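Numbering of the sequence shown is given in our numbering, commencing with residue 20 and proceeding in unit increments.
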Amino acid sequence: MSTETQVGRFRIRALRESNFSLDGGSMFGVVPRALWENLTPVFEDHTIPLACNCFLVEDGEHVLLIEPGLGQRWSEKHQAMYRIEHPGGGLLQVLEAAGRRAEEVTHVLMSHAHFDHIGAACGGDGAPLFPNAHYFLADSERKAALNADHLRQASYRKKDLQPIVDAGLLDTFSGELEVVPGVTLHELGGHSDGASVVVIDDDGQRACFWGDVVPTRNHVALPFIMAYDINVEKSFQVRSKWIAEATDGDWVNLLFHDPEHPIVRFTHEGSRYGWVSLGE
Ligand SMILES: [Zn+2]
């Protein structure tokens, strides 16, 4: 298992913000359990273990954090239901273990605003965790999070985003946005209205943070689309295009929810996609 890589001038490290679990059937959508149950452990309540892997990206000038994670603001009921644990103590603690303080973070990039991705954007007191950072999010996700309708309300919590807006720290975009030279957010949609990926380019190499477009290494298989996705047809289109490019281009792939392999390369055998650990 690899938790660190270098792409040109960018040092990229996976930080384990939390572990949790979600229903296995929901994670694999229409794929029958007979096809996925040998790919992952399954708990007796039919949930499967997942991680929240944040990525610290440093180029000597900027300190970027991709995806805050679940955070600490959960009731005992939800902690038990989702099996939430913070093996490293929480986001600030894993950041500190990597040699960085919250005040040093310059950019927080958020693929979308679902609670398991941005719950840690604010601390226990409800205030933004990174006071000197700009937070980046697709504008369509801002709208969904602040005014979630019936279809979306189970996945968003207004309290995760509102304090960042109120503090004037949120920058939104549509389409794509180069946040610092070589680091670009691309809004793809499919999983959620503005589900985005982060592409990191330097010196002819490329890494991609997939958010929930490819949440774990097993989701590189094209039919493995989560039941949570709001627009499955669009998910299939963007995944087909982007996974093919990542495989052909030998990209480094950064996976938010993978509990074992946060950094992998994709492989291709005939019409099937697979994965290998970095360095294999
Ligand atoms: Zn999501």
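C-beta: ideal position from N, C-alpha, C; glycine also. Every value quoted in this text rests on a predicted model; they were computed, and no experiment measured them.
The beta carbon of D158 is closer than 8 angstroms to those of T191, F192, S193, G213 in its chain, skipping five residues each way along the sequence.
Distances taken from the Cβ of S290 to the heavy atoms of ligand 1 include none shorter than 7 angstroms. Distances taken from the Cβ of D277 to the heavy atoms of ligand 1 include none shorter than 7 angstroms. Excluding its 5 nearest sequence neighbours in each direction, R30 has C-beta neighbours in its own chain below 6 angstroms: E77, listed in chain order.
Rounded to the nearest angstrom, the Cβ distance from D267 to R284 is 12 angstroms, too far for a contact under 8 angstroms.
Under the DSSP definition of a beta bridge, I244 lacks any partner.
For the region 218 to 290, the continuous alpha helix (DSSP H) assignments of 4+ residues that do not extend past its boundaries occur at 251 to 267, in sequence order.
The beta carbons of V50 and F243 sit about 6 angstroms from each other, so the pair counts as a contact at 8 angstroms. Closest in alpha carbon position to H133, among E104, H280, Y292, H276, is H276. For D64, there is no enclosing alpha helix (DSSP H), as DSSP gives it neither H nor E. Each residue's CA atom was taken as its position, placing E63 and G108 some 26 angstroms apart. Residue list for ligand 1: H133, D231 (CB closer than 5 angstroms to any heavy atom, chain order). Considering only R52, P278, R258, N38, the residue with the shortest C-alpha distance to Q98 is N38.
Secondary structure of P147 (DSSP, three-state): strand. Close CB contacts of I183 within its chain, under the 8 angstroms cut and outside five residues either way in sequence, are with A140, C141, P147, Y154, L189 (chain order). Contact between the region 167 to 187 and the region 42 to 57 is not established, with fewer than three Cβ pairs separated by less than 8 angstroms. By alpha-carbon distance to P281, the top candidate from D185, H105, E264, L69 is L69. Considered as a whole, the region 23 to 100 harbours 23 to 26, 29 to 42, 66 to 77, 82 to 85 as its complete beta strand (DSSP E) runs of no fewer than 3 residues, in chain order. The shortest CA-to-CA distance from M100 to any of C73, V198, N72, T66 is the one to T66. Inclusion of A152 and H126 in the CB contact set at 8 angstroms is warranted, their separation being smaller than that value.
Counting C-beta atoms within 10 angstroms of its own C-beta, H287 has fewer than 16 neighbours from the protein chains shown and is therefore classed as exposed.
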